[in-house]
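J.: Quick one: this structure, given as structure tokens, is what I'll be asking you about.
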Amino acid sequence: MTAAETVRTAATRRDLASPRKAVASAARNLVLWIIGLSFLLPLAWLVLASIDTRPSQQARLPEGFTFDHYAAVLTVEGTLLPLWNSLLLSTGSAAITVVVAVLAAYPLSRYQSRFNRPYMYAILFGTCLPITAIMVPVYSLFVRLGYLDNLFAVTAFLAATSLPMAIWMMKNFMDSVPVSLEEAAWVDGASAMGTLRRIVVPLMRPGIAVVFIFVFIQAWGNFFVPFILLLSPAKQPAAVSIYSFFGQYGTVAYGELAAYSLLYSLPVIVLYVIVSRGIGGSFALQGAVKG
Amino acid sequence: MRLLPVVPSVLLLLLFMAGPVVWAIVISFSNSALTGRFAKDPEWVGLDNYTRLLADPAFPLSLLLTIAFVIGSAIIGQNLLGLGLALLFGRVNRTTRALVSTAVVAAWVLPEIVAAFAAYAYFADDGTLNQLLAGLGIDGPNWLFEYPMLAVVLANVWRGTAFSMLVYEAALGDVPPEISEAATVDGASGMQRLVWVTLPMIRGAIATNLMLITLQTLAVFTLIWVMTKGGPGVASTTLPIFAYQEAFKFQAIGYGSAIAVVMIVIGAAFSIAYIRALRPEAQR
Numbered sequence: 001m002t003a004a005e006t007v008r009t010a011a012t013r014r015d016l017a018s019p020r021k022a023v024a025s026a027a028r029n030l031v032l033w034i035i036g037l038s039f040l041l042p043l044a045w046l047v048l049a050s051i052d053t054r055p056s057q058q059a060r061l062p063e064g065f066t067f068d069h070y071a072a073v074l075t076v077e078g079t080l081l082p083l084w085n086s087l088l089l090s091t092g093s094a095a096i097t098v099v100v101a102v103l104a105a106y107p108l109s110r111y112q113s114r115f116n117r118p119y120m121y122a123i124l125f126g127t128c129l130p131i132t133a134i135m136v137p138v139y140s141l142f143v144r145l146g147y148l149d150n151l152f153a154v155t156a157f158l159a160a161t162s163l164p165m166a167i168w169m170m171k172n173f174m175d176s177v178p179v180s181l182e183e184a185a186w187v188d189g190a191s192a193m194g195t196l197r198r199i200v201v202p203l204m205r206p207g208i209a210v211v212f213i214f215v216f217i218q219a220w221g222n223f224f225v226p227f228i229l230l231l232s233p234a235k236q237p238a239a240v241s242i243y244s245f246f247g248q249y250g251t252v253a254y255g256e257l258a259a260y261s262l263l264y265s266l267p268v269i270v271l272y273v274i275v276s277r278g279i280g281g282s283f284a285l286q287g288a289v290k291g
Numbered sequence: 001m002r003l004l005p006v007v008p009s010v011l012l013l014l015l016f017m018a019g020p021v022v023w024a025i026v027i028s029f030s031n032s033a034l035t036g037r038f039a040k041d042p043e044w045v046g047l048d049n050y051t052r053l054l055a056d057p058a059f060p061l062s063l064l065l066t067i068a069f070v071i072g073s074a075i076i077g078q079n080l081l082g083l084g085l086a087l088l089f090g091r092v093n094r095t096t097r098a099l100v101s102t103a104v105v106a107a108w109v110l111p112e113i114v115a116a117f118a119a120y121a122y123f124a125d126d127g128t129l130n131q132l133l134a135g136l137g138i139d140g141p142n143w144l145f146e147y148p149m150l151a152v153v154l155a156n157v158w159r160g161t162a163f164s165m166l167v168y169e170a171a172l173g174d175v176p177p178e179i180s181e182a183a184t185v186d187g188a189s190g191m192q193r194l195v196w197v198t199l200p201m202i203r204g205a206i207a208t209n210l211m212l213i214t215l216q217t218l219a220v221f222t223l224i225w226v227m228t229k230g231g232p233g234v235a236s237t238t239l240p241i242f243a244y245q246e247a248f249k250f251q252a253i254g255y256g257s258a259i260a261v262v263m264i265v266i267g268a269a270f271s272i273a274y275i276r277a278l279r280p281e282a283q284r
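As you go down the protein sequences, you meet chains U and D in turn. The first sequence lines up with residues 1 to 291 when you count with full-length UniProt numbering. The second sequence lines up with residues 1 to 284 when you count with full-length UniProt numbering.
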């Protein structure tokens, strides 16, 4: 059957289909509700177990309501220090990434040079490198450089791993800032770095916020990198310390695990809501996907 | 001089991105160990780690499990479910769309390890899934022991579908509605419009999405580690878990690095294919 014939038979069939429209619409809604519910079920456990007096692995209505699990985990050594370490790690790497990416994106966006194309290809290649899959040589390299258990080195490493994506996004954001404003400043004798700081950066504040939050969320949620590279408990972020609540195949303190998980997830959820509501989710994706 | 601002980024990328790649290749030719004599003074062993890798029955199994994990959870699961959700969202009311979208995105926004705990509790022997099945009168199996790959594949679909969904929602939003309407006027059915009109128009987004989720899924460690630790035995040991076990449990850093080199090669092959696919559009 040719394509044209197919289309014609479909046209005759269409009249039969139209009375079924209401049923089809109900079916679409039903399918979506089922998918939505099945995505929520594993998460419901986190909330329900954290307030249950007798928590288990099941998502069920609590037998009794309690905040004891939250009280139990809210100690300096248990959660506050690890959360503080997470904050240092995430803020540090997001700040480094943003500053370095803005600096790198400026000449790439504003000047034509022989260097641009190979550099952008290298960046694209770096975006694709599964760096967290190769933590074994990273560990060995850190041992050799004496960087093991060094919070600053791990911060810089996390910044470097998110840098390719950040430069890519930052260049796309910067390309959309019109160059005419800078030209006026150049005529008035401003330096390139001066115009970058006083004109370009203020104009692309939403883009910078998106990149900052993007890197922050990634660093905050990263488990494998600090799990391998940070050894002393006093330096470990929440992602690693929470893992100690989880004695696999042994007794797991489910209530405390769930309570800690929610406390640890809260900042990321808030930041995501800020990005998607305040700045616009599709805007953030545009920077990442287009280019 | 103009390129001076690029220097910090080049230094960081050389030290922490190119560095580990080069270092992986270098020490994969040594017997570097986690502890003991060979930790400080590793010896060159030539291709020993690679011949051992080829002879190790755990390697082809691990490669196969990795491929199954990537195809099952990313290329089929996340990709098709994400596309399906994005397509359905265009044809339902705003409330349904917002609520379902939030539920899907929630699993993706959570930190990796929290999502892994939730998935573990869901698939555990007396977890939520078996509780639901019991409600239907079915005695559910111990998923994490009897079907560990199925459990981690489903968990990764749950965790990662939001990304594909957001990419496809953005791409479908850019498709002008007139084109689809014109096809409807010409009598094309819903399925025909999808296959002949909509999908060809978003093929760039499909390629980008497939590429990114493949590489993300290739590198998944935490989810599998928390749920099964690669077990029982080696039944869910994908390449990242395999490399970790060899290096830190069996203390063979050199051997673990040889496995890392294999992953770098797979990742690089995908990247080159991807960059090639994008190039003609860039020149247009």
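The beta carbon of each residue, even a glycine, is placed where N, CA and C say it ideally should be. From a predicted model like this one, the values you see are computed outputs, not experimental measurements.
Ordered along the chain, which non-local residues of its own chain (more than five positions away) have a Cβ less than 6 Å from that of U/Gln248?
T.: At U/Gln248 the pLDDT is 48, less than 50, meaning the model places this residue with poor confidence and gives no usable figure here.
J.: Any Cβ of chain D within less than 8 Å of the Cβ of U/Gly64?
T.: no
J.: Can you list, in chain order, the residues of its chain whose CB lies under 8 Å from that of D/Val45, leaving out five sequence neighbours each side?
T.: Phe29, Ser30, Asn31 and Gly254
J.: For a quick check, are the C-beta atoms of U/Pro82 and U/Ala238 less than 8 Å apart?
T.: At the C-beta level, U/Pro82 and U/Ala238 come within 8 Å of one another.
J.: Pick helix, strand or coil for D/Ser236, following the three-state DSSP scheme.
T.: coil
J.: Straight-line CA distance for D/Leu136 to D/Leu129?
T.: 11 Å
J.: Would you identify the three-state DSSP class for U/Ser140, choosing helix, strand or coil?
T.: helix
J.: Along chain U, in chain order, which residues have C-beta atoms closer than 7 Å to that of D/Val263?
T.: Per the sequence presented here, residue 263 of chain D reads as Met, with Val not at that position. Result: Pro130, Ala133 and Ile134.
J.: Which residue comes first and which comes last in the alpha helix (DSSP H) that contains D/Trp158?
T.: Pro148 to Gly173
J.: Quick check for students: name the residue ranges of the alpha helix (DSSP H) that lie wholly in the stretch 195-255 of chain D, counting only runs of 4 or more.
T.: 203-218, 222-227 and 239-244, all fully within the stretch 195-255 of chain D.
J.: Can you pull out the residues from the stretch 175-202 of chain U whose beta carbon lies closer than 7 Å to at least one beta carbon of chain D?
T.: Listed by position along the chain: nothing, the set is empty.
J.: Consider the Cβ of U/Gln248: report whether some Cβ of chain D lies at a distance smaller than 8 Å.
T.: Confidence is the limiting factor: at U/Gln248 the pLDDT is only 48, short of 50, which leaves the residue's position unreliable, though a coordinate-based value still follows. Chain D, which has a Cβ nearer than 8 Å to the Cβ of U/Gln248, makes this yes.
J.: Tell me which same chain residues have a C-beta within less than 7 Å of the C-beta of D/Met17, skipping the five on either side of it?
T.: none
J.: Check the Cβ of U/Arg28 against every Cβ in chain D and list those closer than 9 Å, keeping chain order.
T.: Leu88, Arg91, Val92 and Thr96
J.: Please state whether DSSP places U/Asp68 in a helix, a strand or coil.
T.: Helix at U/Asp68.
J.: Cβ of D/Glu112 less than 8 Å from any chain U Cβ?
T.: yes
J.: Give the interface partners of U/Pro137 over in chain D, defined as CB-CB distance under 7 Å, in chain order.
T.: Pro20, Trp23, Ala24, Ile27, Ser257 and Ala260
J.: What's the call for U/Glu256, buried or exposed, on a 16-neighbour Cβ count within 10 Å?
T.: buried
J.: Can you name the residues of chain D whose CB is closer than 9 Å to the CB of U/Ser113?
T.: Arg2 and Leu3
J.: Anyone know if the C-beta pair for D/Ala121 and D/Ala162 falls short of 8 Å?
T.: no
J.: Measuring straight from C-alpha to C-alpha, what distance separates D/Pro8 and U/Ala105?
T.: 12 Å
J.: How big is the Cα-Cα spacing for U/Met174 and D/Ser271?
T.: So the two alpha carbons sit approximately 25 Å from each other.
J.: Given a cut-off of 8 Å on the beta-carbon distance, is the pair U/Val98 and U/Ile208 in contact?
T.: yes
J.: Give me the DSSP bridge partner(s) of residue 297 of chain U.
T.: With chain U covering 1 to 291 only, the question about residue 297 of chain U has no answer from this structure.
J.: Look at residue 309 of chain U and U/Asp149 and say whether their C-beta atoms are less than 8 Å apart.
T.: Outside the displayed range of chain U (1 to 291) lies residue 309 of chain U, so it cannot be described from this structure.
J.: Kindly identify the DSSP beta-bridge partner or partners of D/Trp44.
T.: D/Ser30
J.: Could you give the DSSP three-state label for D/Ala24: helix, strand or coil?
T.: helix
J.: Beta carbon of D/Gly230, beta carbon of D/Ile241: below 8 Å?
T.: yes
J.: In whole angstroms, give me the CA-to-CA distance for U/Phe227 and D/Ala273.
T.: 32 Å
J.: Go ahead and label U/Thr161 buried or exposed: buried means 16 or more other beta carbons lie within 10 angstroms of its beta carbon, across all protein chains shown.
T.: buried
J.: Does U/Ala156 have its Cβ less than 8 Å from a Cβ in chain D?
T.: yes
J.: Compare the C-beta of U/Ile213 with all C-beta atoms of chain D and state if any pair is closer than 8 Å.
T.: Not one chain D Cβ lies under 8 Å of U/Ile213.
J.: Just tell me which of U/Ala259, U/Phe224 and U/Ile35 has its CA closest to the CA of U/Asp52.
T.: U/Ala259
J.: Out of D/Leu11, D/Gly19 and D/Leu3, point me to the one whose CA is closest to U/Ile131's CA.
T.: Measuring from the Cα of U/Ile131, the nearest candidate turns out to be D/Gly19.
J.: Any idea if D/Ser236 is buried or exposed, counting beta-carbon neighbours within 10 angstroms, 16 or more meaning buried?
T.: buried
J.: Identify the continuous alpha helix (DSSP H) that holds D/Leu99 and give its terminal residues.
T.: Arg94 to Val109
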